[in-house]
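All remarks here apply to the structure that follows.
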Amino acid sequence: MKTVYVAISADILHHGHINLIKKASEYGKLIVGVLTDEAVATYKRFPVIKFNERKFIIENIAGVSEVVSQETLDYTENLKKYKPDYVFHGDDWKEGVQSKIRQNVIEILKDWDGELVEIPFTENVSVDKINNIIKQTDSIPDIRRSKLRKLINLKPIVRTIEAHNGLSALVVENAKVTKDEQINTFDAIWVSSLTDSTAKGKPDIELVDMTSRINTINEIMEVSTKPIILDGDSGGLLEHFVFNIKTIERMGVSAIIIEDKVGLKKNSLFGTEVKQTQDSIENFCQKINAGKKALLTNEFMIIARIESLILKQGMEDAINRAQAYINAGADGIMIHSRESEPDEIFEFCNQFKEFAPDVPLVVVPTSFNQVYEEEFAKRGVNIVIYANHLIRSSYPAMVETADIILKNERCKEADDKCLSIKEILTLIPNE
Ligand code: SPV
Ligand code: MG
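Have a look at this one:
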């Protein structure tokens with residue numbers, strides 16, 4: 001008997017899926033690969049229905065012989081395992097982000113003369129509408145706030161990038177690249193003190209106050225659904241911190257990262273070139289503890305950021321602080337370094353994972369930028385933050401355009417560097 005393979009997320013089922021399953025089962029024994037929660041989350045949005053429940057639904061549909069899990073959008077692993085004679089899919093994946101995955105399926109099937117059968121895709125306006133509504137509900141504070149912890153549990157590493165206003169948040173929200181038969185997107189947004197300050201033409205010294213930071217967060221929230229991690233600088237005075245943290249939690253932010261510094265805060269990437277003072281372990285633990293007590297949900301995370309390596313206080317100090325901050329209630333640790341080699345970060349990871357294997361660990365690889373996400377994940381890092389890259393890339397682009405206009409004393413020559421008027425008019429939907 002021939003075997004047939006169909007991959008499906010099964011979060012929303014409609015007659016088109018049943019039609020596909022029915023047709024596929026007429027060709028032989030039908031194995032359905034149900035996409036895992038992680039695979040669905042990276043591709044579309046968080047599944048509304050959990051994997052086991054989706055699997056159960058498919059197991060009980062007529063025509064289905066066996067249900068297995070498909071761990072990635074890429075079919076390779078399951079195709080090699082089950083060697084089906086046929087793979088069935090709707091014909092909608094010929095174009096767009098899934099086209100590479102389709103091509104890969106065709107290539108693999110050649111190994112045993114398998115065949116891809118494509119049936120006309122069932123357009124379904126109501127399903128598109130439901131999908132849209134579900135996606136939008138991700139921006140509701142309670143739902144958005146809870147997403148970071150879910151992602152940490154679901155993904156080998158949570159890929160985070162900065163946004164400093166509505167427009168950059170829109171870039172993060174929509175960025176999508178197909179690579180090696182998988183679809184890469186950003187998981188979360190970092191509201192950086194450096195880029196939020198820079199966008200306002202201010203230095204990164206806690207000069208941009210919380211009211212202004214909240215405005216930026218609101219702009220970002222308006223156009224995005226991804227979870228938000230706030231760079232909380234030093235957290236400020238403990239007496240202020242306990243109020244601010246409640247506001248941030250209520251807004252639907254998922255986490256705040258506070259750094260163990262006191263006095264006039266300067267950016268960490270200055271290192272010891274400028275005067276910076278590290279807080280005492282005791283004081284900083286009190287701040288963490290007071291913050292934790294002020295919170296109303298279990299979802300919101302206070303992540304403690306250790307500046308010992310930045311300030312050349314040594315590995316032992318960094319590890320001692322990590323231990324103390326976790327004991328004080330920190331939900332995660334961020335370790336920072338401005339070395340161009342990742343050695344001290346890797347050393348910290350090794351030691352950290354020995355005593356706190358389950359505590360989320362965060363890195364910001366601005367200086368040690370050669371390290372791939374996979375390597376960090378292998379070493380136990382849970383969140384990687386690209387902390388300043390959208391503003392650093394937009395500034396030179398703006399300078400270049402300004403210079404072209406000055407050189408030519410007109411703007412025609414600058415047009416090639418610019419989004420077309422049609423594109424900018426339609427970039428922001430007005431409904
Ligand atoms: C920020 O993005 O503002 C940070 C990270 O705090 S760093 O600039 O590396 O200190
Ligand atoms: Mg900062």
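The sequence shown begins at 1 in UniProt numbering and counts up by one. Glycine residues also receive a C-beta, built at the ideal position from the N, C-alpha and C atoms. Since the model is a prediction, treat every value here as computed from it, not as a measurement.
- Inclusion of residue 40 and residue 11 in the CB contact set at 9 Å is warranted, their separation being smaller than that value.
- In the DSSP secondary-structure assignment, residue 322 is not bridged to any residue.
- With distances taken between CA atoms, residue 146 lies nearest to 226 out of 310, 226, 372, 357.
- Pairing residue 255 with residue 302 gives a Cβ-Cβ distance under 9 Å.
- C-alpha of residue 408 to C-alpha of residue 401: approximately 11 Å in a straight line.
- Residues 205 of the same chain have their beta carbon placed closer than 7 Å to that of residue 264, with the five preceding and five following residues left out of the count.
- Here residue 399 has no same chain residue with a Cβ atom under 8 Å from its own Cβ, once five neighbours each way along the sequence are excluded.
- Between residue 168 and residue 175, the alpha-carbon positions lie close to 11 Å from each other.
- Distance from the CA atom of residue 64 to the CA atom of residue 85, rounded to whole angstroms, is 16 Å.
- Around the Cβ of residue 349, a 10 Å sphere holds 16 or more other Cβ atoms; the residue is buried.
- For residue 189, the beta-bridge partners assigned by DSSP are 161, 228.
- In the displayed model, residue 29 falls within a strand according to three-state DSSP.
- Separation of residue 386 and residue 16 (C-alpha to C-alpha, rounded to the nearest whole angstrom) is 40 Å.
- When beta bridges are read from the DSSP output, residue 88 appears opposite 117.
- Around the beta-carbon of residue 151, 16 or more other beta-carbon atoms lie within 10 Å, marking it buried.
- Annotated three-state conformation of residue 16 is helix, per DSSP.
- Distance from the CA of residue 13 to the CA of residue 416, rounded to the nearest whole angstrom, comes to 45 Å.
- C-alpha of residue 335 to C-alpha of residue 371: approximately 15 Å in a straight line.
- DSSP, read as helix, strand or coil, puts residue 381 in coil.
- In this structure, residue 356 and residue 391 do not form a Cβ contact; the two beta carbons are roughly 33 Å apart against a cut-off of 8 Å.
- Put simply, the region 112–119 does not touch the region 182–198. Fewer than three CB pairs are less than 8 Å apart.
- Residue 170 and residue 220 have their C-alpha atoms spaced approximately 8 Å apart.
- In this structure the region 55–75 lies against the region 19–32, because at least three pairs of beta carbons, one per stretch, are closer than 8 Å.
- By the 16-neighbour rule on beta-carbons within 10 angstroms, residue 231 is buried.
- Taking 8 Å as the cut-off, one finds at least one heavy atom of the ligand SPV near enough to the beta carbon of residue 192.
- Here residue 36 is buried, its C-beta having at least 16 other C-beta atoms within 10 Å.
- For residue 258, the closest of 250, 389, 267 by C-alpha to C-alpha distance is 267.
- When only Cα atoms are considered, residue 275 and residue 182 end up about 45 Å apart.
- Residue 292 places its beta carbon 9 Å or farther from that of residue 278.
- The beta carbon of residue 290 is closer than 8 Å to those of 238, 241, 242 in its chain, skipping five residues each way along the sequence.
- In the structure shown, residue 75 falls within a coil segment according to DSSP collapsed to helix, strand and coil.
- Counting the other Cβ atoms within 10 Å of the Cβ of residue 368 gives 16 or more, which makes it buried.
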